[in-house]
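Under the numbering used here, the first residue of the sequence shown is numbered 13, with each subsequent residue one higher.
Glycine included, each C-beta is placed from N, C-alpha and C at the ideal position.
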Amino acid sequence: MSAIQRRPLFGGNWKMHKVTADAEAYCAKLPGLVGESSAEIVIFPPAPLLRSVSAALRGSSIAVGGQDIHPDSAGAFTGDVSAVQLVDAGCRWALCGHSERRRDHGETDELIAGKGLAAVASGLSALICIGESAAEREAGRAFEVLERQLAGALAGRPEPFALAYEPVWAIGTGKTATPETAQETHEFIRDALSDLIGQAAAASKRIVYGGSVNPENAASLIAKRDIDGFLVGGASLDPDQFSAIIRSCGS
Ligand code: PGA
13 MSAIQRRPLF GGNWKMHKVT ADAEAYCAKL PGLVGESSAE IVIFPPAPLL RSVSAALRGS
73 SIAVGGQDIH PDSAGAFTGD VSAVQLVDAG CRWALCGHSE RRRDHGETDE LIAGKGLAAV
133 ASGLSALICI GESAAEREAG RAFEVLERQL AGALAGRPEP FALAYEPVWA IGTGKTATPE
193 TAQETHEFIR DALSDLIGQA AAASKRIVYG GSVNPENAAS LIAKRDIDGF LVGGASLDPD
253 QFSAIIRSCG S
């Protein structure tokens, strides 16, 4: 049993939701709802809203992150956003390798490794996402897939980073992993991480869970030893729900 205290991390992944007026109303409300939270809280708005969300949250303890980045700092990459541009827009974090990016944009472990390195080279923290599909879990291959994704994404040894374990079958489906399944998987990930970066470093890393987290299931998940917070999609769109998740975890 580790004595290391890991500061809880809560990410709100807005995906392709909201326009400026919604975002500003949200940001006017969230800091008051979370109060003096001891947790690290990060909102991941879509790229066009980054600047207004950063401005609206300035002076609060809530940070902002980008949902994706290109591995290069500039160039002829239509539609992409660089880490340098995220920093310029007020970001402190970047999501790398979300399963919707892997699925819809063919992102490979190698590409995701490049994104993680680009993030930290610009002074951002990388929140690296891994997770198996339903078919992979049913075939008994979940751990093998996670180990491959982890080793691939961390090949360049980015630092600082945190991990998000998001089983694809639990994202947006209402099917949350049970606390036992999530803990068993987080423990496996921490052991695999330990093989890659050493036991002490692995023990200090946040591994957050994502996949249909809501105010009702958050407390029983975070009670588990290796679950250090959440990456929340749907329930993060409503500041009352997102703050209720954070508060239900005692943060
Ligand atoms: P969900 O999404 O909470 O809506 O399942 C989580 C995520 O994709 O980060």
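Rounded separation between residue i and residue j - CA only
| i | j | result |
| --- | --- | --- |
| Ile219 | Arg259 | 19 Å |
| Ala212 | Val225 | 29 Å |
| Ile81 | Gly126 | 9 Å |
| Cys108 | Ala68 | 24 Å |
| Ser14 | Val180 | Per-residue confidence for Ser14 stands at a pLDDT of 47, beneath the threshold of 50, marking its modelled position as unreliable; the derived number appears in the next sentence. Approximately 29 Å, taken between the alpha carbons. |
| Ser94 | Lys27 | 18 Å |
| Ala231 | Ala88 | 45 Å |
| Ala247 | Gln253 | 6 Å |
| Arg237 | Gln195 | 7 Å |
| Ser72 | Glu119 | 33 Å |
| Ile74 | Glu52 | 7 Å |
| Cys103 | Pro60 | 13 Å |
| Leu208 | Ala189 | 26 Å |
| His29 | Pro57 | 8 Å |
| Pro251 | Ala151 | 38 Å |
| Ala176 | Ala86 | 27 Å |
| Arg114 | Gln161 | 11 Å |
| Gln79 | Val244 | 13 Å |
| Ile201 | Ala182 | 17 Å |
| Ser216 | Arg18 | 6 Å |
| His117 | Asp92 | 12 Å |
Coil, strand or helix - residue i by DSSP
| i | result |
| --- | --- |
| Val31 | coil |
| Glu52 | strand |
| Ala212 | helix |
| Ser137 | strand |
| Ile322 | This structure does not reach residue 322, given that the chain is present from 13 up to 263, and the question cannot be answered. |
| Ala40 | helix |
| Gly102 | coil |
| Gly24 | strand |
| Phe254 | helix |
| Phe89 | coil |
| Pro60 | helix |
| Ile16 | coil |
| Ser193 | For the sequence presented, residue 193 should be read as Thr rather than Ser. Correct three-state label for Thr193: helix. |
| Gly164 | helix |
| Leu47 | Note that residue 47 is Gly in the sequence shown, not Leu. Three-state DSSP puts Gly47 in coil, outside helix and strand. |
| Ser111 | helix |
| Leu236 | Position check: residue 236 holds Lys in this sequence, whereas Leu was assumed. Reduced to three states, the DSSP call for Lys236 is coil. |
| Asp249 | Correcting the residue type first, residue 249 is Leu in the shown sequence and not Asp. Coil, per DSSP. |
In DSSP terms, what residue i is bridged to
| i | result |
| --- | --- |
| Ser94 | His82 |
| Phe173 | Ala138 |
| Val220 | Ala176 |
| Gly77 | Trp105 |
| Phe242 | Phe22, Tyr221 |
Residue i beta carbon near the ligand HEM (any heavy atom closer than 7 Å)
| i | result |
| --- | --- |
| Leu123 | Of the ligands this structure carries, namely the ligand PGA, none is the ligand HEM. |
(request) Check whether the region 126 to 136 touches the region 163 to 172, taking contact to mean three or more Cβ pairs, one atom from each stretch, closer than 8 Å. (result) yes
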